[in-house]
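Asker: Sequential numbering from 111 applies to the sequence shown in our numbering. All C-beta atoms, glycine included, are put in the ideal place defined by N, C-alpha and C.
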Amino acid sequence: MSVHATARIVATRTGLPVLTGEGPLAPRRTRATGAGARVTVVGAMSAPLGGDRLTIEAEVRDGARLTVDAAAATVALPGRTAEPAHYDVRLSVGEGGELHWLPEQLISAYGSDLRMCTRVELAASARLVLRDEQILGRHGEGPGTLLTRLTVHRAGRPLLDQELAHGPGAAGGWDGGAVLGGHRAVGQLLIAGPEFEEKPRAPRLLGDTAVLTPLAGPAALVTALAPDALRLRRILDEVLRDQLNHGSVAAYR
111 MSVHATARIV
121 ATRTGLPVLT
131 GEGPLAPRRT
141 RATGAGARVT
151 VVGAMSAPLG
161 GDRLTIEAEV
171 RDGARLTVDA
181 AAATVALPGR
191 TAEPAHYDVR
201 LSVGEGGELH
211 WLPEQLISAY
221 GSDLRMCTRV
231 ELAASARLVL
241 RDEQILGRHG
251 EGPGTLLTRL
261 TVHRAGRPLL
271 DQELAHGPGA
281 AGGWDGGAVL
291 GGHRAVGQLL
301 IAGPEFEEKP
311 RAPRLLGDTA
321 VLTPLAGPAA
331 LVTALAPDAL
341 RLRRILDEVL
351 RDQLNHGSVA
361 AYR
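1. D338: buried (16+ other C-beta within 10 angstroms of its C-beta) or exposed?
2. So is R171 buried or exposed if we call it buried at 16+ other beta carbons inside 10 Å?
3. Name the two residues that bound the continuous alpha helix (DSSP H) containing E205.
4. Quick one: is M226 buried, meaning 16 or more other Cβ sit within 10 Å of its Cβ, or exposed?
5. If you check the beta carbons only, do T301 and Q244 fall under 7 Å apart?
6. Looking at the structure shown, is Q272 part of a helix, part of a strand, or coil, going by DSSP?
7. Looking at the unbroken beta strand (DSSP E) that takes in E58, where does it start and where does it end?
8. So what does DSSP say about L240, is it helix, strand or coil?
9. Identify the continuous beta strand (DSSP E) that holds E307 and give its terminal residues.
10. Roughly how far, in whole angstroms, is the beta-carbon of T116 from the beta-carbon of T165, given that I think they are within contact range, below 8 Å?
11. By the DSSP assignment, the beta strand (DSSP E) with D223 in it spans what residues?
12. Helix, strand or coil for R363 per DSSP?
13. How many Å lie between R314 and V321 at the Cα?
14. Is D179 helix, strand or coil by DSSP?
15. Can you list, in chain order, the residues of its chain whose CB lies under 6 Å from that of V332, leaving out five sequence neighbours each side?
16. Helix, strand or coil for R351 per DSSP?
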């Protein structure tokens, strides 16, 4: 039997008035090391499996700060049904609010089929740090089918709309030299905030398999490839530390 579950988080300047979860999605308030609240999502059962429909909603209201991370990686697994699993993430950040969305890796296990959609709505003065890491297959196995879409709007206008498709259900060439080039870990780090309007980032290479790209708006996107999850995380963490040191995002988690 497939699972339908939703978790919801609402952060205000004074706390977390809403913190609920169902089934495999168990958000827990954890200790923050600076200003703002921190929530860790704990997996209460194996998911997503084929046919599952999971949703996480996080709302950061005006002036609030929130970090959301996870206790472990999410593993997409084959289920008893041939239907794909669906995982929706819906994020919104109000005026003067800030969200650090830092989940652990999404692992696409062999035989799985997952469609993941992340939608973000930012107010004009909102700040966002969003990390997205995809690991194609567990050790020694091929990947499942993984289709993802990341859509970000700021002040009602598009900031980023990007789709990725990997595995046997994707169009041919996804693993070729012009795309992944044999790598099995792909990640992104999106940083957005009004300070990028005054000091936009210049495009630059970050080694042989990573690049920082300024967007047509107050934001920058880092895209990276790596042979494994550990080296991918090192690349993205280094960029995030650099942005923290340059004051592009608040130094809290």
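Answerer: Put simply:
1. Working through the sequence shown from its first residue, we reach residue 338 at position 228. Burial call: exposed.
2. By one-based count along the sequence shown, residue 171 stands at place 61. R171 comes out buried.
3. On the sequence shown, residue 205 is found 95 positions in, with the first residue counted as 1. It is not in any alpha helix (DSSP H) - E205 carries neither H nor E in the DSSP assignment.
4. For the purposes of this step, residue 226 is identified with residue 116 of the sequence shown, where counting begins at 1. Under this definition M226 is a buried residue.
5. In the sequence shown, the residue the question calls residue 301 occupies position 191. In the sequence shown, the residue the question calls residue 244 occupies position 134. The sequence as given places Ile at residue 301; Thr does not occur at that position. Their beta carbons are not under 7 Å apart, which means I301 does not touch Q244 by this criterion.
6. In the sequence shown, residue 272 corresponds to position 162, counting from 1. Reduced to three states, the DSSP call for Q272 is strand.
7. The structure shown does not extend to residue 58, since the chain is modelled only from 111 to 363, so the question has no answer here.
8. Locating residue 240 in the sequence shown gives position 130, counting from the first residue. Of the three classes helix, strand and coil, the one that applies to L240 here is strand, per DSSP.
9. Locating residue 307 in the sequence shown gives position 197, counting from the first residue. It is not in any beta strand (DSSP E) - E307 instead sits in the alpha helix (DSSP H) that spans E305 to E308.
10. Taking the first residue of the sequence shown as 1, we reach residue 116 at position 6. Taking the first residue of the sequence shown as 1, we reach residue 165 at position 55. Going by Cβ atoms, the distance from T116 to T165 rounds to 4 Å, so yes, they are a contact pair.
11. For this step, residue 223 is matched to residue 113 along the sequence shown. Element bounds for D223: D223 to L232.
12. Mapped onto the sequence shown, residue 363 falls at position 253. Confidence at R363 is low in this model, with a pLDDT of 39, below 50, so its placement is unreliable and the value that follows should be read with caution. Of the three classes helix, strand and coil, the one that applies to R363 here is coil, per DSSP.
13. Here residue 314 refers to the residue found at position 204 when the sequence shown is read from its first residue. Here residue 321 refers to the residue found at position 211 when the sequence shown is read from its first residue. Approximately 6 Å, taken between the alpha carbons.
14. Taking the first residue of the sequence shown as position 1, residue 179 is located at position 69. In this structure, D179 counts as strand in the three-state DSSP scheme.
15. The count along the sequence shown starts at 1 and reaches residue 332 at position 222. Result list for V332: L299, L322 and V349, in chain order.
16. Sequence index remark: in the sequence shown, residue 351 carries index 241 (1-based). Looking at R351 - three-state DSSP - the assignment turns out to be helix.
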